[in-house]
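Trainee: Residue 2091 in this note's numbering sits at position 903 of the sequence shown, and the numbers go up by one each step.
We treat Cβ as the ideally placed atom computed from N, Cα and C, and that holds for glycine.
Okay, handing you the structure first.
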Amino acid sequence: LLILLVVLVIYIAVRGVTEDIRLTQTVRMPAALASARAQASLLEMQASVRGYLALGDLQYIDEYNKANAAFAENLRQLDALSTEWNADDVRRLDALQAAYAAWEPMPPTLFELHDSPVENQPALRKENAEFRPLAGAWSDRLDILIASQEALPPTAENRALLSKMTALRTSLQGMVTNLRAYAITGDVGFKVGYANHLVTNSDLFAELLLARNTLQGEQETLLDELAATRSALVALPLEIMALREGEHSIEDLYLFRTETEPLAAAMLTALDGIARTQQAYLQADLDDSRLSLTRMQQLTVLGGVIALLLGLLMATFFRNSIAGPVRRLGDTAARIHDGDLTAQARAESSDEIGQFARTFNSMTARLRATIGSLEQQYSMSRGIMAAGTLSELIGVVVERGTVPVINRAVLNLFEYDARGAVTAMIVHANWSNGAGMRPSPVGTRYRAADVPIINHLLAHEPVVFADVQTDPRTDPATASVVRKLGIRTLVALPLWRGAQQRGVLVLEGDVPYPLDERAVEPYLSVLGPLTIAIENRRLFEETEQRALELARAKEAAEEASRAKSDFLANVSHELRTPLNGILGYAQILRRNNSLAPNQARAADIIYDNGVHLLTLIDDILDLSKIEARKMTLQPTWFSFPRFLESMAELFRLRAANAAAVDFQMHLLTPLPGQICGDEKRLRQICMNLLSNAVKFTHAGHVHFRIAATRSDDDRARDGRPARLTFAVEDTGIGMTDDQLARIFLPFEQVGDLGMQAQGTGLGLAIVKDLVEAMAGELTVHSQPGVGSVFTVVLALPAAWSFDGSGPEPQDGPMLRPALDAQATAHRRPATARGRQWVLPPREDLNTLLDLAMKGELRRLATFAQEVGAQHPAAGEFCRQLRTLADEFDEQAIQALLARSLQEG
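The structure is reproduced here in structure tokens:
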């Protein structure tokens, strides 16, 4: 009881401190801060209004709006906090809100007045609204009077009277001008000017009145009208001057001084009162909290001493009446932990300890049942995962389930329409233990319209029928089906995948069986893995079937491709023989000087198109070999400098034929003396790229850049791969992104029709396939109207010691690398055994060089024989070519032909 009393006192003290802290945090401190911020915002608002009225800077309006928004927000905070204020502070807040409601529309009004000089100055407003119209009307009548006077005979008397009228109008204008200037500026000089003009005007008008008897009837009427309105015309300026000289001369400053500032002072006074009151409450709450905390400390010490004494007494009691039974319960729990689920706790009393022992025994029994159920579920899950087919999978569910009368199962998948409604249920797999009737065969289709019970199977939870034949949910159509199949007990396990039910696994039995939640529980635990396993198995079987179909389709496509390649190869071979004959006869016709010009042009057309067709056949043969995987590379060691020189000489000649194209070859790094690769295919790659560059460059340059890289430790070891880079750059027509995406496809060409007619569209496709066959890289960069850069990177074994470190890299055109002695001998066609060689025509030399660059030595030998027969003087030169062709010395042939073209 004593402890409870101490705790109660502490609780009351803590509650008071807590309330003080709450008020401090939620009311006092926020209110004081909000009041201070509101005062600052109000002073800033007042300063901004005063600044704009004095200087007219728009920045003061922006500052006022920001300060006004901050003040309104602080005022809303104060209003929200006022629910826990006293009546005096609430009255101050009401007064503050009323003053702010009166204040808020004033600054915008003052800003508008300041921006409108006429509205802001009463004197100017009165001058503009009253005096100016009156003076205008007076001036109009005076103008009529002057006009009538001017119409009279020009006697001396009339002229004198007209002069007075004109002077009267001038003095009126001076009065109007000086009065308006004074109303705007308040300058005394304008007031004096007005007075002088007024005196003059009065004297002139008096003289005009004295001469009234000299005026005619209409003029007298006008003069009377002027006299009637002149008193008002003279009196209004006095009122305007009084307004300009009074304290109400500037409207915005007057309103700010007489209305705005008093309201601001009232709001500041109210805010100051609120802030002082809240600060006083805050200090009082802090003092109370400090006193309460001191009292709590004292009571806590007293309660601790009492609790210690009582704790000693209670410990002695608990040791005797509670510790023993609890220790024995702990021993029982340890046995259960070690796996002995048969251990029982002894209930020694009817109190809480005894009740705990009985609950402990009940928990142990449930634990035994749960572990048994988990073992059964684990066994079922393992069986599901190990099943090889869908039939085996659903058989595991039946055999390892808990319903003994289940002897067969059917996996049904739902069929949905476009709206997502189930239209039919199709049997996808089944299983039976052999007892009783057979389940529905695979492929059986039940329409939802014919078997309404399908709608009951659309569920998230298992659907159970202890006896489906007598169940009220069974419709007549379904009853007929289940009687035919001998189904009594039925458990439907829904199979969901995402937000859609894919199907239902129906477990069937031949006899009725009472089903409860515990009987269905094992199926619930494996429903998720079962759905995934069934879906995976179904997808696996469909994938296997699809893979088999794809394999068959792939085999058929490959067979068709092989047949196509064989057909192309056979047809190409059959075409080459007659085409060579056509080319030979065309050559004979071209050399016949007796042909008429049109006949010579026809022979040239036959020859050019025959060469084009032969090139197309060769490209088709290469492409068909590549596609049929019959293209085999034949790597050999050959001189890399000679290879490059032969390429350079050929395309220097081709570029020379195109007068506006400059061909240069650049060696960017030292090159190996020899490389190991398929020379013929490497030449084919370079020739195709360079031929395209020259063909599509009408003016500009074609640069052939070569570089080789190797590691430092490979410098002394030959035979190690070197990274060779071949770059062909031109300033031709270039290509678009769409064209770049298609240039490596067979028979794809770019450029105009004239350019396309000169090629086959197979060159780049063959280059790409050859580079890939050599495990290299081919890249292209192009821009329409600028040009293209094709880059080939190959890794080929290299011998660096063949000619030292190779030629030095150069920035300008490549100098011809030195060739060996044999090549040099072949490149001197001028003499042979002391005799001069006679060269065949230049066009024949170009044809022979093209065949040599393509590696077609057999065709070269045949063509050389034909040229020698047609030009007997060049027979020895042609025989030398045939000898080199029989020796398969491509480098020597290329050097001989290139030098002959250069010197011939």
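Please classify residue 2075: is it buried, with 16 or more other beta-carbons within 10 angstroms of its beta-carbon, or exposed?
Mentor: For the purposes of this step, residue 2075 is identified with residue 887 of the sequence shown, where counting begins at 1. By the neighbour-count rule (16 or more Cβ atoms within 10 Å), residue 2075 is not buried but exposed.
Trainee: Along the chain, where does the alpha helix (DSSP H) containing residue 1954 start, and where does it finish?
Mentor: Here residue 1954 is taken as the residue at index 766 of the sequence shown, counted from 1. Element bounds for residue 1954: 1951 to 1961.
Trainee: Do you know offhand how far residue 1675's Cα is from residue 1600's?
Mentor: Along the sequence shown, read from residue 1 onward, the residue named residue 1675 stands at position 487. Along the sequence shown, read from residue 1 onward, the residue named residue 1600 stands at position 412. Those two C-alpha atoms are separated by around 16 angstroms.
Trainee: Just to confirm, is the Cβ distance from residue 1925 to residue 1975 under 7 angstroms?
Mentor: Along the sequence shown, read from residue 1 onward, the residue named residue 1925 stands at position 737. Along the sequence shown, read from residue 1 onward, the residue named residue 1975 stands at position 787. Going by C-beta atoms, residue 1925 is not nearer than 7 angstroms to residue 1975.
Trainee: Does DSSP put residue 2025 in a helix, a strand or coil?
Mentor: Here residue 2025 refers to the residue found at position 837 when the sequence shown is read from its first residue. Coil.
Trainee: Rank 1868, 1244, 1486 and 1835 by C-alpha distance to the C-alpha of residue 1852 and give the top, closest one.
Mentor: Taking the sequence shown and counting its residues from 1, one reaches residue 1852 at position 664. Comparing Cα-Cα distances from residue 1852 to each of 1868, 1244, 1486 and 1835, the minimum goes to 1835.
Trainee: Distance, Cα to Cα, residue 1708 vs residue 1586?
Mentor: For the purposes of this step, residue 1708 is taken as residue 520 along the sequence shown, with counting starting at 1. For the purposes of this step, residue 1586 is taken as residue 398 along the sequence shown, with counting starting at 1. Approximately 12 angstroms between the Cα atoms of the pair.
Trainee: Here's the rule: buried if 16 or more other CB atoms are within 10 angstroms of the residue's CB, otherwise exposed. What is residue 1910?
Mentor: Here residue 1910 corresponds to residue number 722 of the sequence shown, with the count starting at 1. Per the 10 Å Cβ criterion, buried.
Trainee: Tell me which residue opens and which closes the alpha helix (DSSP H) that residue 1689 is part of.
Mentor: Counting from 1 along the sequence shown, the entry for residue 1689 is found at position 501. That residue, residue 1689, is in no alpha helix (DSSP H); its beta strand (DSSP E) goes 1688 to 1697.
Trainee: Which ranges does the alpha helix (DSSP H) cover as unbroken runs of at least 4 residues, wholly within the stretch 1391 to 1478, from first to last along the chain?
Mentor: List check, alpha helix (DSSP H) in window: 1405 to 1433 and 1439 to 1443.
Trainee: If we ignore side chains and look at the alpha-carbon of each, how far apart do residue 1795 and residue 1787 end up?
Mentor: Position 607 of the sequence shown, counted from the first residue, corresponds to residue 1795. Position 599 of the sequence shown, counted from the first residue, corresponds to residue 1787. Straight-line Cα distance between these residues: approximately 12 angstroms.
Trainee: Alpha carbon to alpha carbon, how far is residue 1730 from residue 1871? Give it in angstroms, no decimals.
Mentor: Reading the sequence shown from its first residue, position 683 is the one you call residue 1871. Reading the sequence shown from its first residue, position 542 is the one you call residue 1730. In a straight line, the C-alpha of residue 1871 is about 50 angstroms away from that of residue 1730.
Trainee: Identify, in the order they occur along the chain, each residue of the same chain with its Cβ nearer than 7 angstroms to the Cβ of residue 1984, setting aside the five sequence neighbours on each side.
Mentor: Within the sequence shown, numbered from 1, the residue matching residue 1984 stands at position 796. For residue 1984, where only same-chain residues beyond five positions count, the Cβ hits under 7 angstroms are 1863, 1864, 1865, 1909, 1910 and 1912.
Trainee: Taking only three categories from DSSP, how would you classify residue 1273?
Mentor: In the sequence shown, the residue the question calls residue 1273 occupies position 85. Note: residue 1273 maps to coil in three-state DSSP.
Trainee: Could you spell out where the beta strand (DSSP E) holding residue 1245 opens and where it closes?
Mentor: On the sequence shown, position 57 is the one that residue 1245 refers to. No beta strand (DSSP E) holds residue 1245; DSSP gives it neither H nor E.
Trainee: What are the boundary residues of the beta strand (DSSP E) that residue 1634 is part of?
Mentor: Against the sequence shown, residue 1634 aligns to sequence position 446. Here the beta strand (DSSP E) through residue 1634 covers 1633 to 1635.
Trainee: On the CB-based measure, 16 or more other CB atoms within 10 Å of its CB, does residue 2125 come out buried or exposed?
Mentor: With the chain covering 1189 to 2092 only, the question about residue 2125 has no answer from this structure.
Trainee: From residue 1702 to residue 1589, what does the alpha carbon distance come to, in whole angstroms?
Mentor: Residue numbering aside, residue 1702 sits at position 514 when the sequence shown is read from its first letter. Residue numbering aside, residue 1589 sits at position 401 when the sequence shown is read from its first letter. Spanning the two alpha carbons is a distance of roughly 15 angstroms.
Trainee: Shortest alpha-carbon distance to residue 1891 belongs to which of 1695, 1858, 1897 and 1849?
Mentor: Working through the sequence shown from its first residue, we reach residue 1891 at position 703. Of 1695, 1858, 1897 and 1849, the residue nearest in Cα terms is 1849.
Trainee: Using the Cα positions of residue 1653 and residue 1733, report the straight-line distance between them to the nearest angstrom.
Mentor: In the sequence shown, residue 1653 corresponds to position 465, counting from 1. In the sequence shown, residue 1733 corresponds to position 545, counting from 1. Looking at the two C-alpha atoms, the distance is approximately 37 angstroms.
Trainee: Can you tell me which of 1282, 1455 and 1826 puts its alpha carbon nearest to the alpha carbon of residue 1227?
Mentor: Taking the sequence shown and counting its residues from 1, one reaches residue 1227 at position 39. Nearest C-alpha to residue 1227: 1455.
Trainee: Can you tell which of 1768, 1346, 1363 and 1679 has its C-alpha closest to the C-alpha of residue 1396?
Mentor: Taking the sequence shown and counting its residues from 1, the one referred to as residue 1396 is at position 208. Scanning 1768, 1346, 1363 and 1679 for the CA closest to the CA of residue 1396 turns up 1346.
Trainee: Using DSSP's beta-bridge definition, name the partner residues of residue 1975.
Mentor: The residue you call residue 1975 lines up with position 787 of the sequence shown. Within the DSSP secondary-structure output, residue 1975 pairs in a beta bridge with 1971.
Trainee: In the DSSP assignment, what residue or residues form a beta bridge with residue 1600?
Mentor: Indexing the sequence shown from 1 puts residue 1600 at position 412. The partner list for residue 1600 (beta bridge, DSSP) reads 1615 and 1692.
Trainee: For residue 1467, collect the residues of the same chain with a Cβ closer than 7 angstroms to its Cβ; drop the 5 residues on either side in sequence, then sort them by chain order.
Mentor: Numbered from its first residue, the sequence shown carries residue 1467 at position 279. Taking C-beta separations shorter than 7 angstroms and ignoring five residues to either side along the sequence, the partners of residue 1467 in its chain run 1220, following chain order.
Trainee: Rank 1694, 1980, 1266 and 1503 by C-alpha distance to the C-alpha of residue 1874 and give the top, closest one.
Mentor: Locating residue 1874 in the sequence shown gives position 686, counting from the first residue. Checked all of 1694, 1980, 1266 and 1503; the closest Cα to residue 1874 is 1980.
Trainee: What does a CB cutoff of less than 6 angstroms around residue 1270 pick up in its chain, not counting 5 residues either side in sequence?
Mentor: Here residue 1270 refers to the residue found at position 82 when the sequence shown is read from its first residue. Around residue 1270: 1278 and 1281.
Trainee: What is the residue span of the beta strand (DSSP E) that residue 1626 lies within?
Mentor: Start at 1 with the first residue of the sequence shown, and residue 1626 comes out as number 438. Segment: none, residue 1626 is in no beta strand (DSSP E) and carries neither H nor E.
Trainee: Considering just the uninterrupted stretch of the alpha helix (DSSP H) at residue 2053, what are its terminal residues?
Mentor: Stepping through the sequence shown from its first residue, residue 2053 is reached at position 865. It spans 2045 to 2058 - the alpha helix (DSSP H) in which residue 2053 sits, taken as one unbroken run.
Trainee: Could you give the distance in angstroms between the alpha-carbon of residue 1502 and the alpha-carbon of residue 1517?
Mentor: Within the sequence shown, numbered from 1, the residue matching residue 1502 stands at position 314. Within the sequence shown, numbered from 1, the residue matching residue 1517 stands at position 329. Approximately 21 angstroms, taken between the alpha carbons.
Trainee: Which whole-angstrom value describes the C-beta separation of residue 1377 and residue 1432, a residue pair presumed to lie in contact below a C-beta threshold of 8 angstroms?
Mentor: Position 189 of the sequence shown, counting from 1, holds the residue named residue 1377. Position 244 of the sequence shown, counting from 1, holds the residue named residue 1432. Not confirmed; about 14 angstroms, so no contact.
Trainee: Give me whichever residues DSSP pairs with residue 1862 in a beta bridge.
Mentor: Translated into positions along the sequence shown, residue 1862 becomes position 674. Within the DSSP secondary-structure output, residue 1862 pairs in a beta bridge with 1827 and 1987.
Trainee: With DSSP as the reference, identify every bridge partner of residue 1684, one or two as the case may be.
Mentor: Counting from one through the sequence shown, the residue named residue 1684 turns up at place 496. 1689.
Trainee: Could you give the distance in angstroms between the alpha-carbon of residue 2059 and the alpha-carbon of residue 1785?
Mentor: Taking the sequence shown and counting its residues from 1, one reaches residue 2059 at position 871. Taking the sequence shown and counting its residues from 1, one reaches residue 1785 at position 597. Going by the C-alpha atoms only, they are around 22 angstroms apart.
Trainee: Out of curiosity, what's the CA-to-CA distance linking residue 1687 and residue 1715?
Mentor: Locating residue 1687 in the sequence shown gives position 499, where the first residue counts as 1. Locating residue 1715 in the sequence shown gives position 527, where the first residue counts as 1. When rounded, the distance between both Cα atoms is 15 angstroms.
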